[in-house]
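Visitor:
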Amino acid sequence: MRYRSFGKVGWQPSALGFGCMRLPIKNEDTKQIDEPEATRMVRYAIDHGVNYVDTAYGYHGGQSEVFLGRALAGGYRERVRVATKLPMWLLKEPGDMDRCFAEQRERLQIDHIDLYLLHGLDGPRWELARKLGVPEWAERQKKAGHLGHLGFSFHARLETFKDIVTGYDGWEFCQIQYNYMDTEYQAGTEGLQFAAQRGLGVVVMEPLRGGLLAAPPPAAVAEVFERSPARRTPADRALQWLWNQPEVSVVLSGMSAMQHVTENVDSAGRSGVGSLSAAEIAVVDAARAAYNSLARVDCTGCEYCLPCPQGINIPRHLGALNEAAMYGVLARYRRMYSRIPEDQRPGACQACAECEAKCPQGLPIRDLLAEAHRTFGDEAKPGAE
Ligand SMILES: NC(=O)c1ccc[n+]([C@@H]2O[C@H](COP(=O)([O-])OP(=O)(O)OC[C@H]3O[C@@H](n4cnc5c(N)ncnc54)[C@H](OP(=O)(O)O)[C@@H]3O)[C@@H](O)[C@H]2O)c1
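Counting from 0, one number per residue, gives the positions in the sequence shown under numbering that gives the first Met the number 0.
Written out as structure tokens, the structure is:
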């Protein structure tokens with residue numbers, strides 16, 4: 000295993016961290032973790048040098064923390080730092096922080112949470128956190144010895160990210176979605192560097208874009224990889240691209256099978272800042288361009304089209320059209336579509352065209368929603384992935 004720097008925290012995390020959001024499950028029920036297998040995976044990772052495990056109040060319907068508490072018994076707890084997150088969406092009044100925190104320590108069977116993040120911070124949640132006195136509350140928990148370091152996880156826009164980073168001196172680390180396709184999405188490369196320059200450790204989540212970058216690539220991207228001077232699996236290439244950057248502290252992968260763990264541990268052992276040649280970096284840049292050339296819709300996700308009077312999450316469906324075209328993952332979006340209330344699906348569009356009047360890209364949104372309905376909805380033929 001290789002170890003890296005972690006900003007002002009001054010501790011060396013393993014290059015690979017274990018994300019406990021996609022553990023193996025039983026009966027296709029995310030609440031039913033396959034505990035023997037998941038325990039074997041987490042312990043293998045720790046036995047091979049992983050010292051960072053990440054969970055959250057809500058993962059696996061609340062069962063991830065419970066599972067981790069049991070998996071870390073027998074001496075494993077002492078060999079790792081445990082990160083978990085305060086569910087910001089449950090906070091209404093100051094007492095809610097104490098209630099969640101106590102519940103989490105009980106689930107995890109630990110008195111001291113090493114790394115605590117405000118989960119999914121964005122502008123309104125950060126405002127609420129300040130109103131409820133969350134930073135002061137965290138300081139008190141630190142003094143009482145219950146909390147090690149405070150950070151936040153983030154999925155909103157770059158400007159908001161910078162506001163949050165600069166809005167409180169007490170941040171010690173943050174967690175961002177980052178991979179070679181998301182260099183200009185959410186915090187992106189600029190946000191990564193902004194936080195690192197200010198002394199924050201930066202934890203990367205979704206390094207494989209939730210698995211999309213580990214799947215066999217489409218022909219246009221496979222051709223690019225063929226030109227690479229180094230033979231790598233798609234997952235290894237995506238992970239090495241992250242570890243090549245000095246600002247990245249830990250890369251969390253949500254490994255769902257033992258094979259993922261052994262492969263990613265092996266990748267981490269070969270990783271290092273500046274270890275990729277210019278030719279390999281150019282291959283990743285070309286792969287990004289090849290994936291983007293397959294996008295179906297020129298939607299930037301600006302959300303100016305919202306709110307839709309019908310309650311349709313328009314950017315989500317246009318994004319799904321893109322991802323289906325780029326990564327070939329139709330089944331994933333058919334499942335997503337089937338879980339949306341029928342009156343909020345693209346098929347429920349009333350063609351009022353309010354969204355089209357507001358779209359800066361001038362997109363034919365009504366036609367695109369009809370396409371999304373044909374592609375993912377009732378008329379879609381099941382089976383083809
Ligand atoms: N705070 C937040 O808001 C937030 C949000 C997202 C994630 N996270 C945290 O960050 C962690 C990492 O994010 P992520 O789970 O999205 O990570 P990821 O590494 O981008 O995606 C994980 C998926 O990639 C695939 N995979 C992993 N290693 C592989 C390998 N060697 N070969 C082939 N496929 C491989 C698996 O997909 P299949 O299962 O499909 O095979 C796995 O489920 C999460 O587990 C969670 O702890 C936090």
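All C-beta atoms in this analysis are idealised placements derived from N, C-alpha and C, irrespective of residue type, glycine included.
#1: If I measure Cβ to Cβ from glycine 382 and keep anything under 6 Å in the same chain, skipping five residues before and after, which residues do I get?
#2: Measure the C-alpha to C-alpha separation of glutamate 384 and glycine 327 and round it to an integer number of angstroms.
#3: If you measure between the beta carbons of alanine 319 and alanine 371, is that distance less than 8 Å?
#4: Quick check: does the Cβ of aspartate 53 come within less than 7 Å of any heavy atom belonging to ligand 1?
#5: Quick check: the segment 178-186 against the segment 217-235, are at least 3 beta-carbon pairs closer than 8 Å?
#6: For the beta strand (DSSP E) that contains aspartate 113, what are its first and last residues?
#7: Below 6 Å CB to CB, which residues in the same chain sit around arginine 124 once its five sequence neighbours on both sides are set aside?
#8: What residues in its chain sit with their C-beta under 6 Å from that of threonine 188, if we drop five residues either side in the sequence?
#9: Counting only runs that start and end within the segment 30-111, where is the beta strand (DSSP E) found for 3 or more residues in a row?
#10: Going by the beta-carbon positions, is the gap between serine 274 and asparagine 263 smaller than 8 Å?
#11: Go through the segment 134-200 residue by residue and report every complete run of the alpha helix (DSSP H) that reaches 4 residues or more, in order.
#12: Since methionine 20 and methionine 257 are thought to touch, with beta carbons under 8 Å apart, how far apart are those beta carbons, to the nearest angstrom?
#13: Could you pull out every residue in the same chain whose Cβ sits closer than 6 Å to the Cβ of glycine 346, ignoring the five residues on either side in sequence?
#14: Tell me whether the beta-carbon of leucine 199 lies closer than 8 Å to the beta-carbon of tryptophan 170.
#15: Is the Cβ-Cβ distance between isoleucine 175 and valine 220 less than 8 Å?
#16: Run through DSSP, which three-state label would aspartate 297 get?
#17: Does the Cβ of asparagine 396 have 16 or more other Cβ atoms within 10 Å, making it buried, or fewer, making it exposed?
#18: Just to confirm before moving on: does the CB-CB distance between leucine 116 and phenylalanine 151 stay below 8 Å?
Guide: According to the structure shown:
#1: A caution first: glycine 382 carries a pLDDT of 46, below 50, which makes its placement in the model too unreliable to give a value.
#2: Legend: pLDDT at glutamate 384 = 40, less than 50; position of this residue unreliable, no value from coordinates given.
#3: yes
#4: yes
#5: no
#6: 112-120
#7: Excluding the 5 residues flanking it on each side, arginine 124 has same chain C-beta neighbours closer than 6 Å at Met87, in chain order.
#8: Thr182
#9: 51-53 and 80-85
#10: In terms of Cβ geometry, serine 274 and asparagine 263 do not form a close pair [threshold 8 Å].
#11: 157-165 and 187-196
#12: Going by Cβ atoms, the distance from methionine 20 to methionine 257 rounds to 17 Å, so no, they are not a contact pair.
#13: His372 and Gly376
#14: yes
#15: no
#16: coil
#17: There is simply no residue 396 to check, as the chain begins at 0 and stops at 384 in what is shown.
#18: yes
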